[in-house]
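Sequential numbering from -19 applies to the sequence shown in our numbering. Glycine residues also receive a C-beta, built at the ideal position from the N, C-alpha and C atoms. Only one structure is covered here, and it is reproduced in the block below.
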Amino acid sequence: MSPQITIAEMKMLVCSALCATLSLSSAAAAEKKNCPFHEAGYYPWQAEVPRLVKGDLWAWVYLDIDKRGYPRRCYIGKNNMAEGTRSNTCRSFVRGWRATPLLKDGVPTAGTIERFFIVMGDKHLKLLEEAKKRWAASHPEDNPDCYHG
-19 MSPQITIAEM KMLVCSALCA TLSLSSAAAA EKKNCPFHEA GYYPWQAEVP
31 RLVKGDLWAW VYLDIDKRGY PRRCYIGKNN MAEGTRSNTC RSFVRGWRAT
81 PLLKDGVPTA GTIERFFIVM GDKHLKLLEE AKKRWAASHP EDNPDCYHG
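Next comes the structure, spelled out in structure tokens:
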């Protein structure tokens, strides 16, 4: 005979699972709140990996940003990307990306910035993952999840 679960017991199980999930996500959110601001795409372990690796796509990206660091316009400079990839690159910067605001006499201001953008190939991704492991082992006090990507 299989055990029967009452509706009350089922509600209690669902509630317990939901509470546990919320506790874990709250802890993760609290941990993220303690992270200092880092511009998206910045990783301290990148210094251990060449800037470009065979198989990467790259472009110089020029962005007009507002005083809060949000892009308003995007231009692509020298690059090795196809047209569709260039369009998607600009679209990705303009939608939901943020730069460190420009300062003039200590006051945030609008302006134009440039960024070197890379779509990493498989070889580059492998090198970066290996560097991240080495960096995390040598920096146990830092949380690698604080860095955006």
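Per DSSP, the bridge partner or partners of residue i
{"i": "Arg53", "result": "Asp44"}
{"i": "Thr65", "result": "Paired residues: none, contrary to the question."}
{"i": "Asn137", "result": "As displayed, the chain neither begins before -19 nor continues past 129, which places residue 137 out of reach and without an answer."}
{"i": "Leu82", "result": "Thr89"}
Status (buried if at least 16 other CB within 10 Å, exposed otherwise) for residue i
{"i": "Lys58", "result": "exposed"}
{"i": "Phe96", "result": "exposed"}
{"i": "Tyr22", "result": "exposed"}
{"i": "Cys70", "result": "buried"}
Cβ pair residue i, residue j closer than 9 Å
{"i": "Tyr55", "j": "Tyr42", "result": "yes"}
{"i": "Gly91", "j": "Leu37", "result": "no"}
{"i": "Ile93", "j": "Leu82", "result": "yes"}
Nearest candidate by alpha-carbon position, reference residue i, set the options
{"i": "Arg48", "options": "Thr80, Cys126, Val74 and Arg75", "result": "Thr80"}
{"i": "His104", "options": "Pro16, Cys15, Asn14 and Ala27", "result": "Ala27"}
{"i": "Met61", "options": "Val29, Ala39, Asp125 and Thr89", "result": "Ala39"}
{"i": "Val29", "options": "Lys106, Gly86 and His119", "result": "Lys106"}
{"i": "Arg75", "options": "Gly64, Pro88 and Arg53", "result": "Arg53"}
{"i": "Leu88", "options": "Trp77, Pro124 and Asp46", "result": "Contrary to the premise, residue 88 reads as Pro rather than Leu in this sequence. Taking only the C-alpha atoms, the option nearest Pro88 is Asp46."}
{"i": "Arg66", "options": "Val99, Glu110 and Glu121", "result": "Val99"}
As assigned by DSSP and simplified to three states, the class of residue i
{"i": "Ala39", "result": "strand"}
{"i": "Glu94", "result": "strand"}
{"i": "Pro88", "result": "strand"}
{"i": "Lys106", "result": "helix"}
{"i": "Val99", "result": "strand"}
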